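A short worksheet on the structure shown next.
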Amino acid sequence: GAGVSQSPRYKVAKRGQDVALRCDPISGHVSLFWYQQALGQGPEFLTYFQNEAQLDKSGLPSDRFFAERPEGSVSTLKIQRTQQEDSAVYLCASSPTSGPYTRSNQPQHFGDGTRLSIL
Amino acid sequence: DAKTTQPTSMDCAEGRAANLPCNHSTISGNEYVYWYRQIHSQGPQYIIHGLKNNETNEMASLIITEDRKSSTLILPHATLRDTAVYYCIVSGNAGNNRKLIWGLGTSLAVNP
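In the order they appear, the protein sequences are chains A and B. Note that my numbering numbers the first sequence so that position 69 is 69, with each residue one more than the last. Note that my numbering numbers the second sequence so that position 94 is 1094, with each residue one more than the last.
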């Protein structure tokens, strides 16, 4: 399909395990965002890439969270030594625009997320 | 913290217009108003956005007040499939300002 694709759709892990969540953005989209959504809450920003550069990682909750986008397309969010409070839906979004000179700001397009459950 | 205030929930009869309000009194000059919705177990879906002029697309209309401190999303003929949580967000257009800061949204129930 032409939309943002995330895998796996569901992930169950035991506390202390490492997990890796994948995001395939829309082809050609420069900007990529990761968000975390707890049950009953709105999404919360984690990190932002412009091509392969991680320009903002201020939302990552701890140093156990790591994101990369080495070739400027596919991105991986890795969580090390998972804790129960990491249980959430992790959303990825992409957008075609970057920089301050766009005339009409383009929206972010979201995948359906990865639902992570830590036992 | 979210820069917007929305009612927690609303109801609408099927076939009628749904008018969802949003207050964003601290919006700055270069910030856009975005509306997204989220249907259960799906990712957020983009609806519409605007800067200062009213906007319309195939999904909805966006009315922004002249002082830009509030806006209204209008679904002209609501259907049962429009039942979702609707988020109003203000966001800039440069670098880190483009991250979206979400509130709790309005849970819209469209009733038959």
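Quick reminder that beta carbons are idealized off the backbone N, C-alpha and C, glycines included. Remember, predicted model here, so these are calculated numbers, not experimental data.
Residue contact check for A:TYR90 against chain B: no CB pair falls below 8 Å. Here the segment 1071 to 1078 of chain B lies against the segment 1003 to 1020 of chain B, with 3 or more beta-carbon pairs under 8 Å apart.
Under the Cβ criterion (8 Å, minimum of three pairs), the segment 35 to 46 of chain A does not count as touching the segment 1019 to 1030 of chain B.
Using a Cβ-Cβ cut-off of 8 Å, B:ILE1101 is close to PHE45 of chain A, given in chain order.
Around the CB of B:ALA1013, fewer than 16 other CB atoms lie within 10 Å, so the residue is classed as exposed. As the crow flies, the alpha-carbon of A:LEU77 is around 19 Å from that of A:GLY3. The beta carbons of A:LEU32 and A:ARG69 sit closer together than 8 Å. For B:LEU1073, the enclosing beta strand (DSSP E) begins and ends at 1070 to 1075. Under the 8 Å criterion on CB atoms, B:PRO1044 is classed as interfacial with respect to chain A. Your pair A:ALA13 and A:ILE118 checks out as a contact, with CB atoms roughly 6 Å apart and the cut at 8 Å. Cβ-Cβ distances below 6 Å link B:PRO1021 to THR1072 in the same chain, with the five nearest sequence neighbours on each side left out; the list follows chain order.
Between the alpha carbons of B:GLN1042 and A:GLY111 lies a gap of roughly 8 Å. Counting along the chain, no beta strand (DSSP E) covers B:LYS1052, and no H or E run does either.
Under the 10 Å beta carbon count, B:HIS1040 is surrounded by fewer than 16 other beta carbons and is classified as exposed. Listed in chain order, the positions of the segment 104 to 117 of chain A with a beta carbon within less than 8 Å of a beta carbon of chain B are ASN105, PRO107, GLN108, HIS109, PHE110, GLY111, ASP112, GLY113. Following the DSSP letters along the chain, one finds A:ASP56 inside the beta strand (DSSP E) bounded by residues 53 to 56. Below the 7 Å Cβ cutoff, chain A contributes no neighbours of B:ARG1081, its closest Cβ being approximately 16 Å away.
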